[in-house]
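1 is the number of the first residue of the sequence shown in this note's numbering; add one for each residue after it. From the three backbone atoms N, C-alpha and C, an ideal C-beta is built for every residue, glycine too.
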Amino acid sequence: MKLSKEEQEMIEGKQGNAVKKSMEILTALGEIFGAEELVDVSSVQIAGVSYHNLGEAGLEFLEEMAKDGKTKVLTTLNPAGMDLENWKALGISPEFAKQQELVIEAFAKMGVITTCTCTPYFIGNTPHYGEHIAWAESSAVCYANSVLGLKTNREGGPSALASALTGKTPKFGLHLEENRQAKVLVELNAELKSVPDFGALGWAVGNKIGNKIPLITGVKKASIEELKSLCASIATYGGTAMFHMEGITPSKTTVPEEKLEIEEADLEEARKTLNDEIEIDLIAIGCPHCSLGEIQKIASLLEGKKVKKEMWICLARPIKKIADQMGYSKTIEGSGAKFACDTCMAVAPLKGRFKGLATDSAKACFYGRGKNSFKTKFMPLEELVKEATE
Ligand code: F3S
Numbered sequence: 001m002k003l004s005k006e007e008q009e010m011i012e013g014k015q016g017n018a019v020k021k022s023m024e025i026l027t028a029l030g031e032i033f034g035a036e037e038l039v040d041v042s043s044v045q046i047a048g049v050s051y052h053n054l055g056e057a058g059l060e061f062l063e064e065m066a067k068d069g070k071t072k073v074l075t076t077l078n079p080a081g082m083d084l085e086n087w088k089a090l091g092i093s094p095e096f097a098k099q100q101e102l103v104i105e106a107f108a109k110m111g112v113i114t115t116c117t118c119t120p121y122f123i124g125n126t127p128h129y130g131e132h133i134a135w136a137e138s139s140a141v142c143y144a145n146s147v148l149g150l151k152t153n154r155e156g157g158p159s160a161l162a163s164a165l166t167g168k169t170p171k172f173g174l175h176l177e178e179n180r181q182a183k184v185l186v187e188l189n190a191e192l193k194s195v196p197d198f199g200a201l202g203w204a205v206g207n208k209i210g211n212k213i214p215l216i217t218g219v220k221k222a223s224i225e226e227l228k229s230l231c232a233s234i235a236t237y238g239g240t241a242m243f244h245m246e247g248i249t250p251s252k253t254t255v256p257e258e259k260l261e262i263e264e265a266d267l268e269e270a271r272k273t274l275n276d277e278i279e280i281d282l283i284a285i286g287c288p289h290c291s292l293g294e295i296q297k298i299a300s301l302l303e304g305k306k307v308k309k310e311m312w313i314c315l316a317r318p319i320k321k322i323a324d325q326m327g328y329s330k331t332i333e334g335s336g337a338k339f340a341c342d343t344c345m346a347v348a349p350l351k352g353r354f355k356g357l358a359t360d361s362a363k364a365c366f367y368g369r370g371k372n373s374f375k376t377k378f379m380p381l382e383e384l385v386k387e388a389t390e
C-alpha cells in the first residue's frame, strides 16, 4: 500500500506503540482486500465492548493499547455487557461487573466516549453526508451507509480501534463509489405498517439476496425507527451493509437488472418464522437502542399501568437522561419496567435466566435464539406493552 510520510512515521512507531500496532492492523487489512491507500475518517464506532464477548485476552489487548493510545477522531462504543450504573438490578454478578468496568476504563483512558450504544447516530456521533467513517456494529453500519449517506465498511473491534487511534482506514469496499451501486432491484408489493413490518422486510430481503446491495422500491414512507429496524434485520439475515430505497435514502444508484418481488406472503413467512410457541418471561424493546420518540411512546403506553413480567427497555444513557428530564423515566419505572442503558438483551449474559423473549426486533429474535437459547415472539410495541401489563 502507498503510505504518506505521516503514515510511514506512524507505522515506524514514531507516534508510539499503540499507533504502530494500529497501523499494522490497518495495512494488513488493506493488503488482504487490495486497498491502494488509507483514507482519513471523521468518526469511529467500536464494537466488541461486552466482557462477555471479549474475555480476558480482549481486555489485555485493550489495556496494552491504552498504555499510550489516544483517539484522533470522535469515537463511541457499542453496548457493553451490562448497564454500567444499574447492573445489580438487572441481575449481573459482581465478578462480571468488575471485569466489564476494566474494559470501559481502558477505552476511557484512550479518549473513547463511553456512551455504549448501537445507535451512535442518536447521541451525537453524526458525521456529515459523504464522509468516510469506520464503524463496527452491523445495524449502525447499514444505517450510516444507507440512511445517512456515509461511507464505511463493517469494521471489527480491533480495526475500528485502530482507526480511532490513527484517524485512518484502508480504502476498499464501500469506501469506493463503484462498490456502492445496487445489484438487485427489490420491488415491494405490500404495505408496511409498523416497525416489525420493516424488520420482516429485512428478514425476507436478507434471506433472498444475502449481502448484495438492493435498490428497494414501493415503500411510501419510513420513519427513522422503521429504517433502524430494517437496517438491523437486513444486515443480520443477509449480511448486506447498505441498501438504497427509492425516494427515502439519499445516495444515487444505477437500476440493476436482477429483480426480486416481495409480497405480503414473504412478510407473513417472516412473522411465522420469528414466532415460536412459548410462554413469554422477558419483554425487551430497543434493538437497536430506542430513539427518544420510542421512549416517549413507551411512556405514554405504560402511563398508569403495572407490568407483570420482566420488561427491559434498552437505550443509550444520554437518551435516558432526557427521559429523566421529561418525566418519561418516572412513568416507565413506576410501571415496574426496567431501563437497560449501555447494554442490550443480546450482549448481556442472560443465558439460563429467561426462556421466552418477546420483542419488536427481528434482529433481537436472531441473537436471542443464537446467543441466549431463547424462544421468541415478534410483535409491535403496542402488543408488547399489552403482553407485559395484562
Ligand atoms: Fe444493539 Fe444489541 Fe440489537 S447491540 S442492534 S440492541 S443486539
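My output table needs one value for residue i: the three-state DSSP class, helix, strand or coil.
i: glutamate 440; result: The structure shown does not extend to residue 440, since the chain is modelled only from 1 to 390, so the question has no answer here.
i: asparagine 189; result: strand
i: glutamate 333; result: helix
i: alanine 232; result: helix
i: arginine 154; result: strand
i: methionine 345; result: coil
i: phenylalanine 107; result: helix
i: aspartate 40; result: strand
i: glutamate 212; result: With the sequence shown as reference, residue 212 is identified as lysine, and glutamate is not the correct amino acid for it. In this structure, lysine 212 counts as coil in the three-state DSSP scheme.
i: phenylalanine 243; result: coil
i: methionine 1; result: coil
i: valine 219; result: coil
i: leucine 260; result: strand
i: valine 205; result: helix
i: alanine 160; result: helix
i: alanine 80; result: coil
i: valine 195; result: helix
i: lysine 308; result: coil
i: lysine 338; result: strand
Ends of the beta strand (DSSP E) at residue i?
i: glycine 356; result: 356-359
i: tryptophan 87; result: Unbroken run through tryptophan 87: none, as it is neither H nor E.
i: glutamate 178; result: From DSSP, glutamate 178 is part of no beta strand (DSSP E); its letter is neither H nor E.
i: proline 170; result: 168-170
i: phenylalanine 301; result: A quick correction: the sequence has leucine, not phenylalanine, at residue 301. Element bounds for leucine 301: not the beta strand (DSSP E) but the alpha helix (DSSP H), 292-302.
i: cysteine 116; result: From DSSP, cysteine 116 is part of no beta strand (DSSP E); its letter is neither H nor E.
i: alanine 399; result: Residue numbering for the chain in the displayed model covers 1 to 390; residue 399 lies beyond these limits and cannot be assessed.
i: threonine 75; result: 74-77
i: threonine 376; result: 375-378
i: leucine 350; result: Note, leucine 350: premise wrong, no beta strand (DSSP E); not H, not E.
i: isoleucine 133; result: No beta strand (DSSP E) contains isoleucine 133, which DSSP labels as neither H nor E.
i: isoleucine 285; result: 282-285
Decide if residue i is buried, meaning its Cβ has at least 16 other Cβ atoms within 10 Å, or exposed.
i: tyrosine 129; result: exposed
i: leucine 215; result: buried
i: glutamate 294; result: buried
i: lysine 21; result: buried
i: phenylalanine 122; result: buried
i: valine 255; result: exposed
i: proline 250; result: exposed
i: lysine 252; result: exposed
i: proline 158; result: buried
i: leucine 148; result: buried
i: threonine 126; result: exposed
i: glycine 91; result: exposed
i: asparagine 189; result: exposed
i: glycine 202; result: buried
i: asparagine 17; result: exposed
In the DSSP assignment, find the unbroken alpha helix (DSSP H) run with residue i in it and report its ends.
i: cysteine 142; result: 138-146
i: cysteine 365; result: 362-372
i: alanine 18; result: 17-32
i: threonine 273; result: 264-274
i: isoleucine 11; result: 5-11
i: threonine 389; result: 381-389
i: leucine 54; result: 51-65
Is residue i close to chain D, meaning its C-beta is less than 8 angstroms from at least one C-beta of that chain?
i: serine 233; result: The structure shown has no chain D; it contains just one protein chain.
If residue i sits next to residue j, beta carbons under 8 angstroms apart, how far is it from one beta carbon to the other, in whole angstroms?
i: methionine 10; j: glycine 30; result: About 14 angstroms separates the two Cβ atoms, so there is no contact after all.
i: asparagine 153; j: glycine 173; result: 4 angstroms
i: isoleucine 46; j: threonine 75; result: 6 angstroms
i: threonine 169; j: valine 41; result: 5 angstroms
i: glutamate 387; j: isoleucine 313; result: 14 angstroms between Cβ atoms; not a contact.
Could you tell me if the beta carbon of residue i falls within a distance shorter than 7 angstroms of some heavy atom in the ligand GDP?
i: lysine 320; result: The ligand content of the structure shown is limited to the ligand F3S, which means the ligand GDP is not among them.
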